[in-house]
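Have a look at the structure below, then the notes.
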Amino acid sequence: MTETPEYIQKIRADFPILQSKVHNKPLVYFDNAATTQKPNLVIERTKNYYEKQNANIHRGVHHLSQVSTQDYEDARIKIQHYLGASKSSEIIFTKGTTDGINLIASSFGALLKEGDEILISAMEHHSNIVPWQLLADAKKIKLKIIPIAHDGTLLMAEFERLLTAKTKLVSITHISNTLGTINPIENIISKSHAFGAKVLVDGAQSIQHGEIDVSTLDCDFFVFSGHKIFGPTGIGILYGKEKILDEMPPYQGGGDMIKNVSFEKTTFNELPFKFEAGTPNIVGGIALGSAIEYIESIDKQSAFEYEKNLLKFTERELLKIDGLRIFGTAKEKTSLVSFNVGDIHPFDIGTLLDKQGIALRTGHHCTQPLMDFYEIPGTLRASFSIYNTVEEVGQFLTALKRAISVLS
Amino acid sequence: MSTFQEKQLGIIADFEVFDDWMDKYEFIIELGKEIEGILPSDRNNQQLIDGCQSRVWLDSSYANNVMRFSADSDAIITKGIIAMLIKVFNGETPKTILKEDIFFINKIGLQEHLSPTRANGLLGMVKRMKMDALKHV
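Line order of the protein sequences matches chains U and R. Residues in the first sequence are numbered consecutively from 74, following this note's numbering. Residues in the second sequence are numbered consecutively from 6, following this note's numbering.
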């Protein structure tokens, strides 16, 4: 890999922030697993909304309210099509992945009984651990952990051993935010269904790296955050199968989620509004629709393929550095790399990389159990997106080598 | 001018020769290597100030009306900043430590390391140095 293809350069030009300088150095943004940058289409849509159409939705007879309602509901339909869901009522707007998981823990969790079991894996983000711990404590449910091998892949034989008729839910990340491992979720879903267990897929990392089709996957729930797929922060999606969502009680009470309110008896609105209490993040939802429009407008298959090649190239170059160790070496892996160099603390390297304009993540990446598994305080994590270039990888490697020489 | 202020002005002067961030950090790393710190075998949980990014161990003592501190970190840049803080705080009375401002960190552009969001244990360390001083007022 010697140069960045032209179609990637074209994508890059759509993201104004990538022209910035940091500490007087050109910004190299390799923290895409934390959040992605926004294309002009999303930025302009947000600005335009507040300049020309701001109004509350779903209840106004006036023009602006109707236009905004229409755009918000159109965004829902765009997202429905992007995810391959059969109905737009299965698309619930949330604040993000964490919010979606908490909704399911609270609402689907209300249907669970003492002695039921939930399976998660050892590579989960804290937001797919803690809601289940809270639920397990409150309802005397057992939380079981699928262990991983040293290369960062799930021990599937252990998964099958843990899966029983008591298992009511398997909540699993599609792609590990720390290791990059792509989990065999198709297999997990079919095996879980054989035992009558539902499956929640945490798509926070997978949403920006490949096409998702919830109908083919046959998952029961799929959650993601808008900001990880070039949309705004504070907006996310919970997809759920209609039949299950219908059985679940409401999550939060308030406006929009009701049909009729009286002090004697309140009835609830139908899906998806049953789970959308209060004035939503209207502009967030509309701009997330624009983000989906953007990704549909590019050659996404080539872009996803390019990301993978960029990762392979970076990993090959990184491994030439003395004492560098990569965490997460699964064969099926997405475009992020976690690593440490010798005994140097990741915080030290991260600080010196920042001063050279390189933005990447250091620390435990909200996966402390995983850090305990590898017996390390944290890692450095470089995570790529469709607008990163081969030249940026070069700048990153030069800066990294300089940091290492200063710290050795 | 108090010695607490003088020591800080001295550190600011040390940094005036650098205009490149990497040079500043190389100097900080050297400072970190120079101090004795606390040997891993002598560290304990009472001394530990946990940060999300790096960890800090702090020990303090009080004699002849002045405070003495020793500290360490698993990250060398954090340890370099510790070295400067200790230089300023050591040999000062508890009253001075509680009353006087620490201004050198901002002046040399390292304020990000003492921000609550940085979570490298340094803010917790300064707080604990003051808490320890408070016990002897």
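C-beta atoms are modelled at their ideal positions from N, C-alpha and C, and glycine is treated no differently.
Taking a cut of 8 Å between CB atoms, which residues from the region 11 to 27 of chain R lie near chain U?
-> Per Cβ criterion, the list reads 26, 27.
For residue 428 (chain U), is the classification buried or exposed, using 16 other Cβ atoms within 10 angstroms of its Cβ as the cut-off for buried?
-> With 16 or more other Cβ atoms from the protein chains shown falling within 10 Å of its own Cβ, residue 428 (chain U) counts as buried.
Per DSSP, what kind of secondary structure is residue 416 (chain U) in: helix, strand or coil?
-> Residue 416 (chain U) falls in the coil class under three-state DSSP.
Report the three-state DSSP secondary structure of residue 68 (chain R) (helix, strand or coil).
-> Assignment of residue 68 (chain R) by DSSP, reduced to helix, strand and coil, places it in the strand class.
Can you give the beta carbon distance from residue 469 (chain U) to residue 74 (chain U), rounded, assuming they're within the 8 Å contact cut?
-> Residue 469 (chain U) to residue 74 (chain U), Cβ: 14 Å. No contact.
Per-residue burial, residue 115 (chain U) [other beta carbons within 10 Å of its own, 16 or more giving buried] = Classification for residue 115 (chain U): buried.
Do you know how far the Cα of residue 212 (chain U) is from the Cα of residue 187 (chain U)?
-> Taking the straight line from one Cα to the other gives about 6 Å.
As assigned by DSSP and simplified to three states, the class of residue 107 (chain U) = Looking at residue 107 (chain U) - three-state DSSP - the assignment turns out to be coil, as it is neither helix nor strand.
Quick one: grab the DSSP three-state call for residue 334 (chain U).
-> In the structure shown, residue 334 (chain U) adopts coil according to DSSP, grouped into three states.
Looking only at DSSP bridge pairs, what is residue 255 (chain U) linked to?
-> Here residue 255 (chain U) is bridged, per DSSP, to U:248.
Give me the Cα-Cα distance between residue 366 (chain U) and residue 440 (chain U), rounded to the nearest whole angstrom.
-> Roughly 32 Å between the two C-alpha positions.
Close-in-space but distant-in-sequence residues of the same chain around residue 407 (chain U) (CB under 7 Å, 5 per side omitted) | Result list for residue 407 (chain U): 248, 253, 255, 278, 282, in chain order.
Between which two residues does the alpha helix (DSSP H) harbouring residue 386 (chain U) extend?
-> Following the DSSP letters along the chain, one finds residue 386 (chain U) inside the alpha helix (DSSP H) bounded by residues 373 to 391.
In three-state terms, what does DSSP make of residue 217 (chain U)?
-> For residue 217 (chain U), the secondary structure class from DSSP, reduced to helix, strand or coil, is strand.
Mind checking whether residue 84 (chain U) and residue 459 (chain U) have CB atoms under 8 Å apart?
-> Yes.
Determine the contact status of residue 107 (chain R) and residue 131 (chain R), defining contact as a CB-CB distance below 8 Å.
-> Here residue 107 (chain R) is near residue 131 (chain R), since their CB atoms are less than 8 Å apart.
Straight-line CA distance for residue 147 (chain U) to residue 172 (chain U)?
-> Distance from the CA of residue 147 (chain U) to the CA of residue 172 (chain U), rounded to the nearest whole angstrom, comes to 22 Å.
Bridge-paired residues (DSSP) for residue 436 (chain U) | In the DSSP secondary-structure assignment, residue 436 (chain U) is bridged to U:452.
If you measure beta-carbon to beta-carbon, which residues of the region 88 to 117 of chain R are closer than 8 Å to chain U?
-> The residues in question: there are none.
Using DSSP bridges, identify the partner residues of residue 312 (chain U).
-> In the DSSP output, where bridge partners are listed per residue, residue 312 (chain U) has U:164, U:295.
For residue 103 (chain U) versus residue 431 (chain U), is the C-beta distance shorter than 8 Å?
-> Yes, they are a contact pair.
Rounded straight-line distance, which links the Cα of residue 415 (chain U) to that of residue 474 (chain U) = The alpha-carbon separation between residue 474 (chain U) and residue 415 (chain U) amounts to approximately 13 Å.
Please list the residues of the region 28 to 61 of chain R that have a C-beta atom closer than 8 Å to any C-beta atom in chain U, keeping them in chain order.
-> Per Cβ criterion, the list reads 30, 31, 34, 57, 58, 59, 60.
Taking only beta carbons into account, state which residues of the region 439 to 460 of chain U come closer than 9 Å to chain R, listed in chain order.
-> Listed by position, the residues of the region 439 to 460 of chain U near chain R (Cβ gap below 9 Å) are 450, 451.
Would you please verify whether the beta carbon of residue 480 (chain U) is less than 8 Å from any beta carbon of chain R?
-> Residue 480 (chain U) has a beta carbon lying within less than 8 Å of a beta carbon in chain R.
Could you tell me how far apart the beta carbons of residue 163 (chain U) and residue 318 (chain U) are, in whole angstroms, since I believe they sit closer than 8 Å?
-> Yes, residue 163 (chain U) and residue 318 (chain U) are in contact; Cβ-Cβ is about 7 Å, under 8 Å.
Based on the DSSP secondary-structure assignment, which residues constitute the bridge partners of residue 60 (chain R)?
-> Beta-bridge pairing links residue 60 (chain R) to no other residue.
Report, in whole angstroms, the separation of the C-beta atoms of residue 329 (chain U) and residue 341 (chain U), which I expect to be a contact under 8 Å.
-> The beta-carbon distance between residue 329 (chain U) and residue 341 (chain U), rounded to whole angstroms, is 11 Å. This is too long to meet the 8 Å contact definition.
Within 8 Å (strictly less), CB to CB, does residue 86 (chain R) reach chain U?
-> Closer than 8 Å: no.
Mind checking the region 406 to 426 of chain U against chain R and listing, in chain order, the residues whose C-beta falls within less than 9 Å of any C-beta there?
-> The residues in question are 417, 418, 419, 420, 421, 423, 424, 425.
Between residue 436 (chain U) and chain R, is there a C-beta pair that is closer than 8 Å?
-> Closer than 8 Å: yes.
Give me the Cα-Cα distance between residue 417 (chain U) and residue 478 (chain U), rounded to the nearest whole angstrom.
-> Going from the Cα of residue 417 (chain U) to the Cα of residue 478 (chain U) covers about 11 Å.
Distance between beta carbons of residue 270 (chain U) and residue 314 (chain U), contact taken as under 8 Å = By a beta-carbon distance limit of 8 Å, residue 314 (chain U) does not contact residue 270 (chain U). Their separation comes to about 14 Å.
Looking at the C-beta of residue 428 (chain U), does it have a partner C-beta in chain R at a distance below 8 Å?
-> Closer than 8 Å: yes.
Shorter than 8 Å from the beta carbon of residue 80 (chain R) to some beta carbon of chain B?
-> Absence of chain B from the displayed structure is noted, the protein chains being U and R.
Residue 82 (chain R) and residue 421 (chain U): beta carbons closer than 8 Å?
-> Going by C-beta atoms, residue 82 (chain R) is nearer than 8 Å to residue 421 (chain U).
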